[in-house]
Ligand code: NAP
């Protein structure tokens, strides 16, 4: 068994891959040989730059704009990917938003949008790719959750609920498809250096036992690890600089 994953011939869809953690995951999956779909919401130039980087290294990639909270857009995206690359073998549900709100300023609209983009999206994308994975008896699904699924975090209760829901999806799907060669795991980052982390970076880094923010590449490494491992399913891997010890 090679310890270096070989995803040659596999097709991977990474949602929210125009920047941050999703971009780093798209790049490592391409490096491992997968043809990669770089999904994004509105930043076309950044998504195309990720595609260009992959193609520049000899890989295969396409950019695909779709609001993953919208079932029609997800269905159209999956149809486009299947037409261009074939069926999807690896799905990374990474797209997410973190609308920071305190208890007093959290609106119903903030709650609904957060649940739709962070949680319903993972359901929609999983449902769209699962029939193909089940037919081929091979698949890898990774949900990018957060330390906020279990801790209080810094964004708000709506975000806590969306990420805890993703962990529920992870465990629920994993047991139902385990016999069909499909693994479903979660990777739970905390305080990673991306646009989402916002300002006050030094103050945030001081909360981490390791004394710094994590990098998107460190989250991508853990994601590749769970994709490579056929015996690991239903798990949540924390990538958090030791924050669960405090
Ligand atoms: P980011 O830098 O803000 O990037 C978010 C990505 O999601 C972008 O590619 C964005 O596309 C895409 N996106 C947002 N809404 C979308 C939608 N409705 N449909 C399709 N794509 C959408 O975020 P990040 O820090 O890399 O976070 C990635 C994931 O990790 C998220 O699920 C986040 O909750 C989770 N996470 C992050 C941290 C952290 O410290 N950074 C910690 C824990 C968990 P556009 O570029 O087109 O806007």
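Numbering (my numbering), first residue to last: 61 to 306.
All C-beta atoms in this analysis are idealised placements derived from N, C-alpha and C, irrespective of residue type, glycine included.
Burial state of residue i (16 or more Cβ within 10 Å)
{"i": "residue 70", "result": "buried"}
{"i": "residue 200", "result": "buried"}
{"i": "residue 234", "result": "buried"}
{"i": "residue 276", "result": "buried"}
{"i": "residue 291", "result": "exposed"}
{"i": "residue 136", "result": "exposed"}
{"i": "residue 228", "result": "exposed"}
Continuous beta strand (DSSP E) stretch holding residue i: start and end
{"i": "residue 268", "result": "No beta strand (DSSP E) holds residue 268; DSSP gives it neither H nor E."}
{"i": "residue 73", "result": "71-74"}
{"i": "residue 275", "result": "Premise fails: residue 275 is in no beta strand (DSSP E) and is neither H nor E."}
{"i": "residue 68", "result": "Note, residue 68: premise wrong, no beta strand (DSSP E); not H, not E."}
The alpha helix (DSSP H) enclosing residue i, as first and last residue numbers
{"i": "residue 290", "result": "Premise fails: residue 290 is in no alpha helix (DSSP H) and is neither H nor E."}
Expected contact under 8 angstroms - CB spacing of residue i and residue j to nearest Å
{"i": "residue 72", "j": "residue 96", "result": "5 angstroms"}
{"i": "residue 123", "j": "residue 111", "result": "5 angstroms"}
3 or more residues per run - each beta strand (DSSP E) lying fully within the stretch 177-260: List check, beta strand (DSSP E) in window: 199-204 and 242-249.
What runs of the alpha helix (DSSP H), each 4 residues or longer, lie entirely inside the stretch 90-177? With a minimum length of 4 residues, the continuous alpha helix (DSSP H) runs that stay inside the stretch 90-177 are 104-116, 131-144 and 168-174.
Does the count of Cβ pairs from the stretch 135-152 and the stretch 61-81 closer than 8 angstroms reach three? yes
Can you find at least 3 beta carbon pairs, one from the stretch 155-167 and one from the stretch 211-219, that sit closer than 8 angstroms? yes
Counting Cβ pairs, one atom from each stretch, are 3 or more of them under 8 angstroms apart for the stretch 263-272 and the stretch 297-304? yes
Counting pairs of Cβ atoms below 8 angstroms between the stretch 86-93 and the stretch 131-148, do you hit three or more? no
Is it true that the stretch 238-255 meets the stretch 74-87, where meeting means three or more beta-carbon pairs spaced less than 8 angstroms apart? yes
Under 8 angstroms, with one C-beta from each stretch per pair, do the stretch 176-188 and the stretch 269-287 reach the 3-pair mark? Result no; under three Cβ-Cβ pairs closer than 8 angstroms.
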